[in-house]
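Participant: Those letters in the sequence shown? Residues 1 to 448, by the UniProt record's numbering.
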Amino acid sequence: MFKGIAGVLIPILLIALVGAGFWGYQENQEKNSILIKAENQYQRAFHDLNYHIDSLHDEIGKALVVNSRRQLSPSLANVWRLSYAAQNDVGQLPLTLMPFNKTEEFLAKIADFSYRVAVRDLDKDPLTDKEYKTLKSLYEHSKDIQHELDQVQTKILQNQLRWMDVEIALAQQDKKADNTIIDGFKTIEKKVQEYPEIDWGPEMTKLEKKEKEKGKNLRGSLITSDQAKQNALRFLGLSVNDQDIRVEPSGKGSNYQVYSVHIEKDPQINLDLTKVGGYVVWMIKNRPVNESRLTTQQALAKAKQFLQKHNYQSMVPIGIDDFDNTNIFTFAYQQNGVIVYPDVVQVKVALDNGEVIGFQSAEYIFNHKERKLPTAKVTKEVARQKVNPNLKILSTRQTLINNTNGDEVLTYEFTTLFDKNHYKIYINALTGEEELVEKMKDGDFLKK
1 MFKGIAGVLI PILLIALVGA GFWGYQENQE KNSILIKAEN QYQRAFHDLN
51 YHIDSLHDEI GKALVVNSRR QLSPSLANVW RLSYAAQNDV GQLPLTLMPF
101 NKTEEFLAKI ADFSYRVAVR DLDKDPLTDK EYKTLKSLYE HSKDIQHELD
151 QVQTKILQNQ LRWMDVEIAL AQQDKKADNT IIDGFKTIEK KVQEYPEIDW
201 GPEMTKLEKK EKEKGKNLRG SLITSDQAKQ NALRFLGLSV NDQDIRVEPS
251 GKGSNYQVYS VHIEKDPQIN LDLTKVGGYV VWMIKNRPVN ESRLTTQQAL
301 AKAKQFLQKH NYQSMVPIGI DDFDNTNIFT FAYQQNGVIV YPDVVQVKVA
351 LDNGEVIGFQ SAEYIFNHKE RKLPTAKVTK EVARQKVNPN LKILSTRQTL
401 INNTNGDEVL TYEFTTLFDK NHYKIYINAL TGEEELVEKM KDGDFLKK
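1. Quick one: Cα of Lys424 to Cα of Asn390, how far?
2. Measure the alpha-carbon distance for Thr399 versus Lys190 and round it to whole angstroms.
3. Looking at C-beta atoms only, is the number of pairs between the segment 43-60 and the segment 80-93 that lie closer than 8 angstroms three or more?
4. Does the segment 225-239 come close enough to the segment 260-270 to have 3 or more Cβ pairs within less than 8 angstroms?
5. How would you call Asn421, buried or exposed, if buried means at least 16 neighbouring beta carbons within 10 angstroms?
6. So Leu82 and Leu127 are in contact, right, with Cβ under 8 angstroms, and what is the actual spacing, rounded?
7. Do you know offhand how far Phe418's Cα is from Pro249's?
8. What residue ranges within the segment 275-342 form continuous beta strand (DSSP E) runs of no fewer than 3 residues, ordered along the chain?
9. Are the Cβ atoms of Val247 and Tyr259 separated by less than 8 angstroms?
10. Going by alpha carbons, who is nearest to Met315 out of Lys37, Asn402, Lys102 and Lys304?
11. Can you tell me whether Gly432 is helix, strand or coil according to DSSP?
12. According to DSSP, which residues form a beta bridge with Val261?
13. Could you check the C-alpha separation between Ile36 and Met164 for me, to the nearest Å?
14. For Asn388, tell me which candidate among Gln158, Met283, Ala63 and Leu436 has the shortest Cα-Cα distance.
15. Helix or strand or just coil, what does DSSP make of Val240?
16. In terms of residue numbering, what span does the beta strand (DSSP E) encompassing Gly358 cover?
17. Should Asp112 go down as buried or exposed, given a rule of 16 or more other Cβ atoms within 10 Å for buried?
18. What is the residue span of the alpha helix (DSSP H) that Phe106 lies within?
19. Mind checking whether Leu135 and Leu64 have CB atoms under 8 angstroms apart?
20. So with Cβ pairs under 8 angstroms, would you call Val66 a contact of chain D?
21. Just to confirm my understanding: we take Arg219, look at its own chain, exclude 5 residues before and 5 after, and list those with CB closer than 7 angstroms. What are they?
22. To the nearest angstrom, how far is it from the Cα of Trp80 to the Cα of Arg287?
23. Between the segment 333-340 and the segment 367-386, do three or more beta carbon pairs fall short of 8 angstroms?
24. I'd like to confirm the pairing. Which residues does DSSP put opposite Arg397 in its beta bridges?
25. Have a look at Val117, Val382, Ile53 and Val289 and flag the residue whose alpha-carbon is nearest the alpha-carbon of Tyr84.
26. Use the C-beta contact count for Leu351: other C-beta atoms within 10 angstroms, 16 or more gives buried, fewer gives exposed.
27. Give the secondary structure of Ala350 by DSSP, where H, G and I count as helix, E and B as strand, and everything else as coil.
28. Does Val382 come out as helix, strand or coil in the three-state DSSP assignment?
29. Beta-carbon separation of Gly354 and Lys302 under 8 angstroms?
30. Return the CA-CA distance between Tyr256 and Lys392, expressed in angstroms with no decimal places.
31. Counting C-beta neighbours from all protein chains within 10 Å, is the total for His141 16 or more, i.e. buried, or is it exposed?
32. Inspect the beta-carbon positions of residue 471 and Glu105 and report whether they are closer than 8 angstroms.
33. Take Leu76 and list the residues in its own chain whose beta-carbon comes closer than 7 angstroms to its own, dropping the five residues that flank it on each side.
34. Could you tell me whether the Cβ atoms of Leu149 and Ile110 are closer together than 8 angstroms?
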């Protein structure tokens, strides 16, 4: 009898073991594939960063030696383009858990400075001695950054270093790991911090002043670290029981102070909360999302529910980005039918189960208020005539935007099509002047 049972069970168990082994092998292969994909993305972003910084240094040098407005404007426009490209490259690297904000801010200032000079009439208003001196400083500083990046790249190639190890070391604060890449970026950040003050011109000074005043707009009283912990748990819907929580003061040297809250569970959750008012600036839940089960519309519904739960009212979706089985939705505040672009939040939804695993609300926190919106003096029809006739207009709506000086301006936003590319054209609703032109990305369209 037992032989008969064994004769039946043993083949079944063997099949089960083989099946489990195959399933484990397949799962391991899928995980390896995801890790390889992430590593390749990081390597490509770093390669692009090197290329764009090299090109930026060369282009600033070119701007210093040209002697005609016809050559200078395109050269400065290239400086602007390359600066923004370098910022985008940095944003794709796993550096969010280390201070690199001064370098990113420096690249942003190069972009803003070069753009302002490039778009003005240089025949009537040529480059000043101060601006030339600023360009020379930027040339030297970009050379420093270029040199440090080249050294990091050399060490990566020589020692076969992996960017995934950087991400893990930063997340786990592993001091024993090979931190060659981290040390290289810290050196760059330290050098940028030590640069002497650069004269960016009156317009940039005005923008800097507005940026520094951001923290002053926060309402509420100072909170303690314990209150920050309670606010974080309440935001996440967690109880204080059995939670391993670490709270650290942060934001030194920035325009506002925060508490960084780290919840050591599986998966780990990190948040920043403002010391004034205790507002959640951002939240990240570090967990893999290995599959997509939800549609975009289902994920959007989850994002809307999340905002309503946390008392973000009158928010409308204005864009979406797809990334590794997640949807990242951008929402803007709407007041009296006007889309208020300065007041935006982002919500990251996992497509496996609809969980919100990321949230960012800095712009909303520092800008949001009930505004006394002006009444448009230019009709939609008149504004429409200001749009280039070669563009096909797809839609129109009223929006409040920040212009290039950082001032809030009521505009008509025209979504247009030209040569298979989409552009947003912003016409000032008070003066009829063209305020801004933006090329749209795929993420600026919400998919059905």
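Here a beta-carbon is modelled for each residue, glycine too, at the ideal position from N, C-alpha and C.
Facilitator: So, from the data block:
1. As a working note, residue 424 is residue 424 in the sequence shown. As a working note, residue 390 is residue 390 in the sequence shown. Whole-angstrom Cα-Cα distance: 14 angstroms.
2. On the sequence shown, position 399 is the one that residue 399 refers to. On the sequence shown, position 190 is the one that residue 190 refers to. Each residue's CA atom was taken as its position, placing Thr399 and Lys190 some 40 angstroms apart.
3. Yes, the segment 43-60 touches the segment 80-93.
4. Contact holds between the segment 225-239 and the segment 260-270, because three or more Cβ pairs, one in each stretch, are under 8 angstroms apart.
5. Start at 1 with the first residue of the sequence shown, and residue 421 comes out as number 421. Exposure of Asn421 is indicated by the presence of fewer than 16 other C-beta atoms within 10 angstroms of its C-beta.
6. Here residue 82 corresponds to residue number 82 of the sequence shown, with the count starting at 1. Here residue 127 corresponds to residue number 127 of the sequence shown, with the count starting at 1. Rounded to the nearest angstrom, the Cβ distance from Leu82 to Leu127 is 19 angstroms, too far for a contact under 8 angstroms.
7. Numbered from 1 along the sequence shown, position 418 holds the residue referred to as residue 418. Numbered from 1 along the sequence shown, position 249 holds the residue referred to as residue 249. So the alpha carbons of these two residues sit roughly 49 angstroms apart.
8. Listed in chain order, the beta strand (DSSP E) elements of length 3 or more contained wholly in the segment 275-342 are 280-286, 315-323 and 326-335.
9. Mapped onto the sequence shown, residue 247 falls at position 247. Mapped onto the sequence shown, residue 259 falls at position 259. Going by C-beta atoms, Val247 is nearer than 8 angstroms to Tyr259.
10. For the purposes of this step, residue 315 is taken as the residue at position 315 of the sequence shown. Closest option to Met315, Cα to Cα, is Lys304.
11. Position 432 of the sequence shown, counted from the start, is the residue given in the question as residue 432. Coil, per DSSP.
12. In the sequence shown, residue 261 corresponds to position 261, counting from 1. Partner(s): Val247 and Leu271.
13. The count along the sequence shown starts at 1 and reaches residue 36 at position 36. The count along the sequence shown starts at 1 and reaches residue 164 at position 164. When only Cα atoms are considered, Ile36 and Met164 end up about 9 angstroms apart.
14. Walking along the sequence shown from the start, residue 388 turns up at place 388. Considering only alpha carbons, the answer is Leu436.
15. Taking the first residue of the sequence shown as position 1, residue 240 is located at position 240. Coil, per DSSP.
16. Taking the first residue of the sequence shown as position 1, residue 358 is located at position 358. Note, Gly358: beta strand (DSSP E), Val356 to Gln360.
17. Looking up residue 112 in the sequence shown gives position 112. Flag for Asp112 reads buried.
18. Taking the first residue of the sequence shown as position 1, residue 106 is located at position 106. From DSSP, the alpha helix (DSSP H) with Phe106 extends over Asn101 to Val119.
19. Within the sequence shown, the letter at position 135 stands for residue 135. Within the sequence shown, the letter at position 64 stands for residue 64. Yes, these two residues count as a Cβ contact at 8 angstroms.
20. Absent here is chain D; the protein component of the structure consists of one chain.
21. Position 219 of the sequence shown holds residue 219. Here Arg219 has Gly277 as same chain residues with Cβ atoms under 7 angstroms from its own Cβ, once five neighbours each way along the sequence are excluded.
22. Residue mapping note: residue 80 aligns to position 80 of the sequence shown, counting from 1. Residue mapping note: residue 287 aligns to position 287 of the sequence shown, counting from 1. Going by the C-alpha atoms only, they are around 36 angstroms apart.
23. In the pairwise beta carbon analysis, the segment 333-340 is classified as touching the segment 367-386: at least three pairs are separated by under 8 angstroms.
24. Translated into the one-based positions of the sequence shown, residue 397 becomes position 397. Looking at the DSSP output, Arg397 shares a beta bridge with Glu413.
25. Working through the sequence shown from its first residue, we reach residue 84 at position 84. Minimum Cα-Cα distance from Tyr84 among the listed residues Val117, Val382, Ile53 and Val289 corresponds to Ile53.
26. In the sequence shown, counting from the first residue as 1, residue 351 sits at position 351. The residue is buried, with at least 16 neighbouring Cβ atoms inside 10 Å.
27. As a position in the sequence shown, residue 350 is number 350, starting the count at 1. DSSP places Ala350 within a strand segment (E or B) once states are collapsed to three.
28. Along the sequence shown, one-based indexing puts residue 382 at 382. Secondary structure at Val382: helix, using DSSP grouped into helix, strand and coil.
29. Position 354 of the sequence shown, counted from the start, is the residue given in the question as residue 354. Position 302 of the sequence shown, counted from the start, is the residue given in the question as residue 302. For Gly354 and Lys302, yes; Cβs fall inside 8 angstroms.
30. As a first step, residue 256 must be located in the sequence shown, where it is residue number 256. As a first step, residue 392 must be located in the sequence shown, where it is residue number 392. Between Tyr256 and Lys392, the C-alpha separation is close to 43 angstroms.
31. In the sequence shown, residue 141 corresponds to position 141, counting from 1. By the neighbour-count definition (other C-beta atoms within 10 Å, threshold 16), His141 is a buried residue.
32. Because the chain here runs from 1 to 448, residue 471 falls outside it and cannot be looked at.
33. Sequence index remark: in the sequence shown, residue 76 carries index 76 (1-based). Correct list, in chain order: Ala63, Ser114, Val117 and Ala118.
34. As a working note, residue 149 is residue 149 in the sequence shown. As a working note, residue 110 is residue 110 in the sequence shown. Their beta carbons are not under 8 angstroms apart, which means Leu149 does not touch Ile110 by this criterion.
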